[in-house]
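One line per chain: the protein sequences are A and B, in this order.
Residue 28 in our numbering sits at position 28 of the first sequence, and the numbers go up by one each step.
All you need for our numbering is the position in the second sequence, starting with 1, plus 1000.
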Amino acid sequence: MALGVISKEHLGKLIAAVSRTGRFLGPVDKGDGVCLTQVSAGDMLALDYVNFILPPKRMFFPRSEVIATHGSDGMTATPLPEGRVVLFGIRPCDVLSLVYLDKVFLDEKYADPYYRSRRDNAVIISLACRQPAPTCFCTSIKGSPAGKAGADILAVDIGDVLLLESVTATGEAFMAEYGKLLDKPSAEQVSSRQAQVAAADAKMARVSIDQATAKLRARFDAAAWDELTARCLGCGVCTFLCPTCHCFGLYDEQVGGQNRRVRAQDACAFPAFTLEASGHNPRTRQGMRMRHRMMHKFCYTAESFGEIFCVGCGRCIRSCPANLDIRETLTEVSK
Amino acid sequence: MSMCASANPYLAKPVTIEKITVENAARDLKTFRLAFCSRADREAFKFDCGQFAMLSVGGAGESPIGIASSPLDADYVEFTVKRYSTGVVSTALHAMEEGERLGLRGPYGNSYPLAAMEGRNVVIVSGGFAFTTLRSTIRYMLDGRNRSRFGSITTIYGARSPGELLYKDELKAWQDVDGIDMHVTVDKGEAGWTGREGFVPTVLGEVKPSSANAVALVCGPPIMLKFTIKPLLDTGFVPETIFTSLERRMSCGIGKCGRCDIGGKYVCRDGPVFSFKQIQELTGGQF
């Protein structure tokens, strides 16, 4: 493990150095929220934000990408993405979501080559949370405002400087590579980091997820699913913004005389997601679709991967137009 | 870094349509006999009875279809496809002609429990066009290289009308084969039909195949499955010895896209074959 501090004023130098051989993505204020965006040395980084509007899954599993083109001799795969990408500022909850997505996309038998290539090319510098939102609940599941799982380097904002700690060998190598821009942290800075992390942790909302989850399997046929989702519009924004939702579809389409295969994000919130050509649909009601989404996150993935596929980022709560709160849904249905 | 095509699980292999057989009077069921364009692809395609593959028509899309030929049919792979007017891929497939090219990837999913079936009697119950992967299984078991591995085979197979029965030539040929007891039935006969009339579950109740040292493979529409389970349980089959193949809409076929989930199991990866015991655990016994 390596420790280092970088002055916020020197971040531009780091960006410039990284950009010579790869890309640097950092937090940029877009007016209606902060987004993880490619930056160059002169750009202003936003360092005061709760979280990005969009989860980082799109950097590894884009909304839509052309997988291959069809020719007379078969299919030609789209070349894999190349080049190092440094992603700075992802919050620990979102970084944890990548650990979960790895379990889906990097299984032994059928690893997804595009996801793998982007993961292999990435250096992730996560940024610990200072001020959780009321919708945040990472500590109720498995996260922490300064959680390290999934990050190569964890950065903690302690005023004028960021304190960096390497988590993986990739992170340690990165810090060695750019060691000239880093200083050794003082004892005061290290203790200030502890205090900052503890303060953020103390502000986090707590819900008893474990108790509710334990009861969820037995509540498959509960009438509450339909009652709770009576106001759900089925817009799917919860799945779009969820850092762990990973449903997709493969589509063959013809564009400009060219046949191509596209992989695009999809969502279990939509009725056509499971609609079969015969007309049969195993999930006809919104309540059944909501049940599926909840069961998948809190039961099925726990059984198949040993992890609850929710990191407590709260995006689904913040953005639901019908004011649905996943924490309430979970506790209500488990009553 | 370059990657060889075989490592990309989303790419289909080119195949040529060698032969198209219209199976039924309604002409919405066709069997496509496909041959791989590349020898390496053909040799790499090894499957067991009950598995499926994704068939694709360039520009139209992909559909999961059960493999209807036997693993011992070395030179070709067959799929029987039902055309739905709402089905983009099945409609495009049915418009194709012999000699044209399709894409194929797979095989995917698990298979019927062939190892557990060895040395046991096999009862096959099927209705409609769900018979396809069971036809693969019958062809496989009746092959001279395999026949001694399995006990007696009892088949109860039904369709709405005589014209809707699949694989008519084989059904006729199997009547004369030792070691397989064929009971072919139609919901309603017509002029010239001298065979049995009656729904599959009713015929099953009449034939009453013994459950002693037996395994039952059951495929059909959900309503048939529902009424078939009871007579099987009544004759002494236990949920662990009854197997069926489930269908769900699929996209990736490899347990990632989230579409074919049933109670935490993916039909594409953990199925499509499930024991009735598993179905009871997953859905409370609903199909």
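Every residue, glycine too, gets a C-beta built ideally from N, C-alpha and C.
These numbers were taken from a predicted model, which means no experiment stands behind them.
Tell me the DSSP secondary structure of residue i in three-state form.
i, result
"Lys-109 of chain A", "coil"
"Met-1001 of chain B", "Here Met-1001 of chain B scores only 37 on pLDDT, less than 50, and its place in the model should not be relied on; the value that follows carries that caveat. Three-state result, Met-1001 of chain B: coil."
"Gly-22 of chain A", "coil"
"Lys-1082 of chain B", "strand"
"Asn-259 of chain A", "strand"
"Thr-284 of chain A", "coil"
"His-10 of chain A", "helix"
"Gly-1280 of chain B", "In the sequence on display, residue 1280 of chain B carries Gln and not Gly. Correct three-state label for Gln-1280 of chain B: helix."
"Asn-121 of chain A", "helix"
"Cys-136 of chain A", "coil"
"Met-1250 of chain B", "coil"
"Gln-211 of chain A", "helix"
"Cys-245 of chain A", "coil"
"Pro-376 of chain A", "This structure cannot speak to residue 376 of chain A, because chain A is shown only from 1 to 335."
"Tyr-115 of chain A", "helix"
"Asp-94 of chain A", "helix"
"Gly-1061 of chain B", "strand"
"Arg-327 of chain A", "helix"
"Asp-252 of chain A", "strand"
"Arg-293 of chain A", "helix"
"Ala-173 of chain A", "helix"
"Ile-317 of chain A", "helix"
"Phe-1199 of chain B", "coil"
"Phe-309 of chain A", "coil"
"Thr-274 of chain A", "coil"
"Lys-1256 of chain B", "coil"
"Val-167 of chain A", "coil"
"Phe-240 of chain A", "helix"
Are the beta-carbon atoms belonging to residue i and residue j less than 8 Å from one another?
i, j, result
"Leu-1204 of chain B", "Val-1125 of chain B", "yes"
"Pro-243 of chain A", "Asp-94 of chain A", "yes"
"Ala-1035 of chain B", "Val-1057 of chain B", "no"
"Gly-1195 of chain B", "Thr-1185 of chain B", "yes"
"Gly-4 of chain A", "Asp-157 of chain A", "no"
"Cys-35 of chain A", "Phe-52 of chain A", "yes"
"Glu-253 of chain A", "Val-262 of chain A", "yes"
"Leu-47 of chain A", "Val-28 of chain A", "no"
"Ala-352 of chain A", "Phe-240 of chain A", "Because chain A spans 1 through 335 in this model, residue 352 of chain A falls outside it and cannot be assessed."
"Glu-1190 of chain B", "Pro-1162 of chain B", "yes"
"Cys-247 of chain A", "Gln-286 of chain A", "no"
"Leu-164 of chain A", "Ile-153 of chain A", "yes"
"Met-1117 of chain B", "Gly-1253 of chain B", "no"
"Val-1089 of chain B", "Glu-1062 of chain B", "yes"
"Ile-209 of chain A", "Ile-141 of chain A", "yes"
"Asp-1048 of chain B", "Leu-1104 of chain B", "no"
"Pro-1222 of chain B", "Phe-1287 of chain B", "yes"
"Gly-1050 of chain B", "Thr-1132 of chain B", "no"
"Met-1224 of chain B", "Gly-1127 of chain B", "yes"
"Gly-89 of chain A", "Gly-42 of chain A", "no"
"Gly-1158 of chain B", "Asp-1187 of chain B", "yes"
Let's test the definition: count the other Cβ atoms within 10 Å of the Cβ of residue i and tell me whether it reaches 16, buried, or not, exposed.
i, result
"Arg-206 of chain A", "exposed"
"Arg-58 of chain A", "exposed"
"Ala-212 of chain A", "buried"
"Gln-962 of chain B", "With chain B covering only 1001 through 1287, there is no way to say anything about residue 962 of chain B."
"Thr-284 of chain A", "exposed"
"Ala-195 of chain A", "exposed"
"Leu-1072 of chain B", "exposed"
"Lys-148 of chain A", "buried"
"Glu-1078 of chain B", "buried"
"Trp-225 of chain A", "buried"
"Asn-1008 of chain B", "buried"
"Gln-265 of chain A", "buried"
"Val-39 of chain A", "buried"
"Ser-1245 of chain B", "buried"
"Val-1200 of chain B", "buried"
"Asp-73 of chain A", "exposed"
"Gly-1192 of chain B", "exposed"
"Pro-79 of chain A", "exposed"
Report yes or no: do the region 1107 to 1122 of chain B and the region 1201 to 1221 of chain B share at least 3 C-beta pairs separated by less than 8 Å?
-> yes
Entirely enclosed alpha helix (DSSP H) segments - the region 1209 to 1247 of chain B, minimum 4 residues | 1222 to 1234
Assess, as a yes-or-no matter, whether the region 98 to 112 of chain A is touched by the region 21 to 38 of chain A under the definition of 3 or more beta carbon pairs within less than 8 Å.
-> no
Identify every run of the beta strand (DSSP E) within the region 1016 to 1048 of chain B, keeping only runs that are complete inside it and at least 3 residues long; order them along the chain.
-> 1029 to 1036
Counting Cβ pairs closer than 8 Å, one from the region 1091 to 1105 of chain B and one from the region 1132 to 1150 of chain B, do we hit at least three?
-> no
Segments of 3+ residues assigned as beta strand (DSSP E) that fall wholly inside the region 21 to 52 of chain A | 23 to 29, 34 to 38
Unbroken beta strand (DSSP E) runs of length 3 or more, entirely within the region 1101 to 1174 of chain B: which are they?
-> 1101 to 1108, 1121 to 1127, 1153 to 1159
Which runs of the beta strand (DSSP E), 3 residues or longer, sit entirely within the region 183 to 232 of chain A?
-> none
Between the region 127 to 147 of chain A and the region 298 to 314 of chain A, do three or more beta carbon pairs fall short of 8 Å?
-> yes
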